[in-house]
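Encoded as C-alpha cells, the structure appears first; notes follow it.
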Amino acid sequence: MVEPGTRSTAPTASGKPAYPETGLLDAYQLMVLARAADERCLMLQRQGRIGFYAPLMGQEAAQVGASRALAPEDWIFPAYRELAVALARGVPLKAIFDQLLGNADDEIKGRQMPNHFGFRDRNFVVASSPIGTQITQAVGVAMAAQRRKDPIVTIAFFGDGATSSNDFHAGLNFAGVYQCPSIFFCQNNQWALSMPRKRQTRSATLAEKANAYGIPGVLIDGNDLHAVYAAVREARARAVSGGGPTMIEAEVYRFGPHSTSDDPKRYRTDEELSAAKERDPISLLKAELVAAGKWNEEADRKLWEESRATVSRTFEAAEKANPLDPRSVFDDVFAELTPRLKEERAEYDARMRERGLPS
Amino acid sequence: MTELNLVQAINRTLRDAMHDDPNVLLLGEDIGVNGGVFRATEGLFKEFGADRVIDTPLSETGIIGAAIGMALYGLKPIAEIQFLDFIYPAFDQIVSELAKFRYRSGGQYPAHVVIRSPYGGGIKGGLYHSQSTEAYFCHTAGIKVVVPSTPADARGLLFSAIADEDPVLFLEPKRIYRSLTGEVPEGTEKVPFGRARVVREGSDVTMFAYGAMVPPTEEAAERLARDGVSAEVMDLRSLVPLDEAAVVASVEKTGRAVIVHEAARFCGFGAELAAVLAEKALYSLKAPVVRVTGFDTPFPYALENVYLPNADRIAHAARSAVRAS
Chain A
-2 MVEPGTRSTA PTASGKPAYP ETGLLDAYQL MVLARAADER CLMLQRQGRI GFYAPLMGQE
58 AAQVGASRAL APEDWIFPAY RELAVALARG VPLKAIFDQL LGNADDEIKG RQMPNHFGFR
118 DRNFVVASSP IGTQITQAVG VAMAAQRRKD PIVTIAFFGD GATSSNDFHA GLNFAGVYQC
178 PSIFFCQNNQ WALSMPRKRQ TRSATLAEKA NAYGIPGVLI DGNDLHAVYA AVREARARAV
238 SGGGPTMIEA EVYRFGPHST SDDPKRYRTD EELSAAKERD PISLLKAELV AAGKWNEEAD
298 RKLWEESRAT VSRTFEAAEK ANPLDPRSVF DDVFAELTPR LKEERAEYDA RMRERGLPS
Chain B
26 MTELNLVQAI NRTLRDAMHD DPNVLLLGED IGVNGGVFRA TEGLFKEFGA DRVIDTPLSE
86 TGIIGAAIGM ALYGLKPIAE IQFLDFIYPA FDQIVSELAK FRYRSGGQYP AHVVIRSPYG
146 GGIKGGLYHS QSTEAYFCHT AGIKVVVPST PADARGLLFS AIADEDPVLF LEPKRIYRSL
206 TGEVPEGTEK VPFGRARVVR EGSDVTMFAY GAMVPPTEEA AERLARDGVS AEVMDLRSLV
266 PLDEAAVVAS VEKTGRAVIV HEAARFCGFG AELAAVLAEK ALYSLKAPVV RVTGFDTPFP
326 YALENVYLPN ADRIAHAARS AVRAS
C-alpha cells in the first residue's frame, strides 16, 4: 500500500525491475519512434507542412510506462502532449499524422489543432485545449464504470500547471468522495509554458495535494520506465479491487518548447536544459539494455535510422490522403442538422455553384 | 390527465424516465436526501437510491465534468444546477467541452447530458438567484436550449431532452413552478424540440415569449383584446433549435412583432429573433420590431418588479407597434 505523499523511486518493493523483461526492447523502440516523430514534427511545422505541434520529448518513459500498465478496456483521457501514450496503445502513427494534417482520413475530421487527437476504438478520448477539464470527465467515466461494476479504470493525464486548475480540485475531490476507479497521472515536466514548477504552487510536491482529498499521492521518477510502470500497475490494481483512486506525480522535464509557438530561451537557461538531458529517459533505458547485454551501439544506430525512415514514409503517406470534404464543416454539431445548419449549408452550396466550384 | 404544477410535472417525469431506463441517473447539489431546494427531485433518492440520485460536493464544474464522463460511457445523466446564476463555474465544461465533444471528436464521442436549471426572477432572489442568461448558451454551437412554460410542456420537453442524442440545457421558470397548474398527460408523449406553440391566435401583432414571460404576455393579449387589438401569442418553447418557420409565418400574417424576455436587451435572445425577422420577414413588417425585456442593468433585488416585463409594458409595446402603421 502506498502511503500518501511517499516517494517511490525504487523500481519495485522487491528491488527487481518492474517492467516485464520481454517487453523492454519493445518499450525502448516505441520511445525512440516517439522521439523520432517528435523531432520530425517540429521540423515539419517550421517547413509549414503542419500548422502547430506540441512536443513530448523527455516524457517518453512516463508515457509508455503508464500506457503499457493499463488494460485495453481502461479509458485514457490525454492532455495534448500524449503521442507516446497513443502509440503505446496501438494507435498507428499514420492515424496521428492524419490528425496533424486534418486530412480526409483524420478520425476527428480536421476539427482541431494538431495534437488533439482521439481514438474511440482504443479508448483514447479526444483531447481539448482547456487545462484540466479532462480530469473531472475521467472521474465521471470512473463513476459510471463503478455503477456498472465494470472492472476498469480511467486515467487522466495532465501537467504540473493543471494542478492549479478548477477541475483538478473538483476531480480529485469527487474521486475521493466516491472512491471511484480513477488514476490521476501528473507529468510534472517542470514548466507550464513559461511558469516554473516552483512558482506554480507553494506545495513542496504536487503528489501531496492528493492527501487533502483523502487519496494516496505517489511521487515517482518519470524518467524511470520501471518506476512508472510499477506505480500505475499498483494504482490500477487498487482501483479495480475497490480501493479507490490514486494520484501519481511523475517527475520529468520538458526538453522541447511548450509548443512550436513558444521559445523557451525567453525563460529558462541552456544549463538547466543540459542538466535535465543528463537524465534523458531514452538514454537511461538504453544504458540498462546495453548493461544487460541485450543491446549495442550498432543495433541502436539501426533503430534510429529505421525509426526516422518510418516517420518520413508514414508522414508522406498521410500527406497523400485526400483533403476533407468542405461540406463536412456542418456535420457533428448535433446528431442531425438543425434547420438553421441546413440553411447555412445551402447558402454555402449555392455560392459554390455560382462560382462553378464543387461544393 | 392529471392536474399538476410545473415542478410536480418535472418530478413525475424524472421518476417515470428513471423507471423506464436504468441508464438515467441524476446528480447535483442537495438533490438526494433533501429532494432538491425546489423539491424537483423529492422522493427519488428514496425510490432509486444513492447510486442513481447522487448528492454531489459543491462544485458545478465537478457536476458537469462528471456528467460528461458518465454520458461518454453510455449513461444518461441529468445534472441539476441549483440556480442558473451558479452555472458559471461549469461554463468551461459546458461551452468548451460538452457542447463540442461530438464535433471535436469527429462524431466519435457524443455527450448527451441534460442540464436542468431553475432560472429567472420574480421570487425575490436578487442578483444571484434571478438571472435569465440563456443567451450565453444559445450562442454556443452544439447545445440545445429549451424552456417550458406549462406543466404539460415541462413533461413533454423533458422527455424529449432525455431521449435526445445531444446536450440539452433545460431551463425551468422557477417563478411559475407552483403558481399555475395544468393538465399533464400520464403517458410519455414528447413535445418535440424546434416546434413553437401558438398560445393564442391573433391578427394584428405577434407577441413572442418563453418560460415565465408567457403568462404576462397572455395577460397583455387579454388587455389588448379589450381595446380591440387582436394579438397572437407564441411560446417559443425551444430556443435552440428555433422554430424560425413558425416565427416568420406568424409575422407574415400579423405584420408586427413584440419580443418579450426577462433577460437584458443587449445581445439578448430577442436580438436574434429580430434579426431573423429582418432577414426573412422585412417586407411583411408594418412597424418596427419592439423588444420588451429586462433592462441593461444587473438584476435588482428590491426593485425586481421595476426590472421585469409585465402585462402593462407588453401591452403598451404592442399598442405602439399597432399605432405605428
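Top to bottom, those sequences are chains A and B.
Quick note on numbering: the first sequence equals residues -2 to 356 in the working numbering.
Quick note on numbering: the second sequence equals residues 26 to 350 in the working numbering.
From the three backbone atoms N, C-alpha and C, an ideal C-beta is built for every residue, glycine too.
Three-way DSSP call (helix, strand, coil) for residue i in this model
i, result
"T81 (chain B)", "coil"
"F154 (chain A)", "strand"
"H341 (chain B)", "helix"
"T38 (chain B)", "helix"
"D260 (chain B)", "strand"
"E28 (chain B)", "strand"
"D218 (chain A)", "strand"
"S5 (chain A)", "Note on S5 (chain A): pLDDT 47, under 50, position unreliable in the model; no value is reported."
"K206 (chain A)", "helix"
"K169 (chain B)", "strand"
"L310 (chain B)", "coil"
"D329 (chain A)", "coil"
"I73 (chain A)", "strand"
"V(-1) (chain A)", "Low local confidence applies: a pLDDT of 41 at V(-1) (chain A) is under 50, so the model's placement there is unreliable, with the coordinate-based value given in what follows. Residue state, collapsed to three classes: coil."
"N335 (chain B)", "coil"
"M110 (chain A)", "coil"
Residue span of the alpha helix (DSSP H) that contains residue i, given as start and end
i, result
"Y235 (chain B)", "Note, Y235 (chain B): premise wrong, no alpha helix (DSSP H); not H, not E."
"R360 (chain A)", "What is shown of chain A runs -2 to 356, which leaves residue 360 (chain A) out entirely."
"C163 (chain B)", "E159 to C163"
"V249 (chain A)", "Run containing V249 (chain A): none; DSSP gives neither H nor E here."
"F171 (chain A)", "N163 to Y175"
"R37 (chain A)", "L21 to R43"
"T279 (chain B)", "E269 to T279"
Contact list for residue i against chain B, beta-carbon separation under 7 Å
i, result
"D164 (chain A)", "T86 and G90"
"A167 (chain A)", "S84, T86, G87 and G90"
"G137 (chain A)", "G90, A91, A92, I93, G94 and M95"
"R348 (chain A)", "The contacting residues do not exist; R348 (chain A) stays about 16 Å from chain B at best."
"P54 (chain A)", "One detail in the question is off: residue 54 (chain A) reads as Met in this sequence, not Pro. Under the 7 Å cutoff, chain B gives no residues; its nearest Cβ is about 26 Å from M54 (chain A)."
Neighbouring residues, chain B, relative to residue i (Cβ below 9 Å)
i, result
"D102 (chain A)", "Near D102 (chain A) there are no residues of chain B at all, since even the closest Cβ is about 11 Å away, more than 9 Å."
"A68 (chain A)", "In chain order: nothing, as chain B lies at least about 16 Å away."
"R324 (chain A)", "Chain B residues near R324 (chain A): none, gap ~14 Å exceeds 9 Å."
"R108 (chain A)", "K125, Y128, R129, S130 and G131"
"R337 (chain A)", "V265, P266, L267 and E269"
"R310 (chain A)", "Per Cβ cutoff of 9 Å: no residues; R310 (chain A) is ~25 Å from chain B at best."
"R233 (chain A)", "In chain order: nothing, as chain B lies at least about 18 Å away."
Where residue i meets chain A, residues with beta-carbon distance less than 8 Å
i, result
"Y134 (chain B)", "G115, R117, V122 and V123"
Contacts that residue i makes with chain A (C-beta to C-beta distance below 9 Å)
i, result
"E190 (chain B)", "F331, A332 and E333"
"D46 (chain B)", "Near D46 (chain B) there are no residues of chain A at all, since even the closest Cβ is about 14 Å away, more than 9 Å."
Where the beta strand (DSSP E) containing residue i begins and where it ends
i, result
"D259 (chain A)", "Taken as a continuous stretch (DSSP letters only), D259 (chain A) belongs to no beta strand (DSSP E), as it is neither H nor E."
"W301 (chain A)", "Unbroken run through W301 (chain A) is the alpha helix (DSSP H), E294 to E316; no beta strand (DSSP E)."
"F182 (chain A)", "S179 to N185"
"H223 (chain A)", "Run containing H223 (chain A): none in the beta strand (DSSP E); it sits in the alpha helix (DSSP H), L222 to V237."
"Y144 (chain B)", "V139 to Y144"
"A282 (chain B)", "A282 to A289"
"P102 (chain B)", "K101 to E105"
"G53 (chain B)", "V49 to G53"
Closer than 8 Å at the beta carbon, the chain B residues around residue i
i, result
"T133 (chain A)", "T86, G87, I89, G90, A91, I93, G94 and Q118"
"P148 (chain A)", "Those within 8 Å of P148 (chain A) in chain B number zero; the least Cβ separation is about 14 Å."
"P127 (chain A)", "D117, S121 and E122"
"I105 (chain A)", "R129, S130, G131 and Q133"
Mind the definition here: the segment 134 to 147 of chain B touches the segment 192 to 207 of chain B only if three or more C-beta pairs lie below 8 Å; say whether that holds. Taking a cut-off of 8 Å on C-beta distances, the segment 134 to 147 of chain B touches the segment 192 to 207 of chain B, as three or more cross pairs fall below it.
Counting pairs of beta carbons, one from the segment 11 to 28 of chain A and one from the segment 213 to 229 of chain A, are three or more of them closer than 8 Å? When Cβ pairs closer than 8 Å are counted between the two stretches, the segment 11 to 28 of chain A is seen to touch the segment 213 to 229 of chain A, the count reaching three or more.
Check each residue of the segment 88 to 121 of chain B: if its Cβ is closer than 9 Å to any Cβ of chain A, include it; give the result in chain order. For the segment 88 to 121 of chain B, the residues whose beta carbon sits under 9 Å from a beta carbon of chain A are, in order, I88, I89, G90, A91, A92, I93, G94, M95, A96, L97, Y98, G99, L100, P102, P114, D117, Q118 and S121.
Count the CB pairs spanning the segment 262 to 275 of chain A and the segment 237 to 253 of chain A that are closer than 8 Å, and state whether there are at least three. Contact between the segment 262 to 275 of chain A and the segment 237 to 253 of chain A is present, with at least three C-beta pairs closer than 8 Å.
Closer than 7 Å between beta carbons: that is the criterion. Which residues of the segment 154 to 185 of chain B meet it against chain A? Within the segment 154 to 185 of chain B, the residues whose Cβ lies closer than 7 Å to some Cβ of chain A are A166 and G167, listed in chain order.
Could you run through the segment 265 to 276 of chain B and flag, in chain order, every residue whose CB is less than 9 Å away from some CB of chain A? In summary, the residues of the segment 265 to 276 of chain B whose CB is separated from some CB of chain A by less than 9 Å are V265, P266, L267, D268, E269 and A270, in the order they occur in the chain.
Just by C-beta distance, which residues in the segment 169 to 194 of chain A are closer than 7 Å to chain B? Residues passing the 7 Å Cβ filter: N170, F171 and V174.
Please name the residues in the segment 68 to 87 of chain A whose beta-carbon is closer than 7 Å to at least one beta-carbon of chain B, in chain order. When CB distances to chain B are screened at a threshold of 7 Å, not a single residue of the segment 68 to 87 of chain A falls below it.
Counting Cβ pairs closer than 8 Å, one from the segment 136 to 150 of chain A and one from the segment 151 to 161 of chain B, do we hit at least three? Judged by pairs of C-beta atoms under 8 Å, the segment 136 to 150 of chain A does not touch the segment 151 to 161 of chain B, as fewer than three such pairs exist.
Output needed in chain order: residues of the segment 201 to 220 of chain B with a Cβ under 8 Å from some Cβ in chain A. The residues in question are G219.
Which residues of the segment 66 to 84 of chain B have a Cβ closer than 9 Å to any Cβ of chain A? Give them in chain order. For the segment 66 to 84 of chain B, which is checked against every Cβ of chain A, the residues closer than 9 Å are D76, R77, I79, T81, P82 and S84.
Across the segment 232 to 247 of chain B and the segment 332 to 343 of chain B, are there enough close Cβ pairs to call them in contact, namely three or more that are closer than 8 Å? Cβ pair count under 8 Å is three or more, so yes.
Report yes or no: do three or more beta-carbon pairs, one from the segment 123 to 133 of chain B and one from the segment 164 to 173 of chain B, lie closer than 8 Å? The answer is yes - the segment 164 to 173 of chain B touches the segment 123 to 133 of chain B, with three or more Cβ pairs under 8 Å.
When the Cβ atoms of the segment 104 to 118 of chain A are set against those of the segment 47 to 64 of chain B, are three or more pairs found closer than 8 Å? Taking 8 Å as the limit for Cβ pairs, the verdict is that the segment 47 to 64 of chain B does not touch the segment 104 to 118 of chain A.
Is the segment 295 to 310 of chain B in contact with the segment 203 to 215 of chain B, if contact means three or more CB pairs nearer than 8 Å? Segments in contact, no.
The segment 136 to 144 of chain A / the segment 35 to 54 of chain A touching (three or more Cβ pairs under 8 Å): Cβ pair count under 8 Å is below three, so no.
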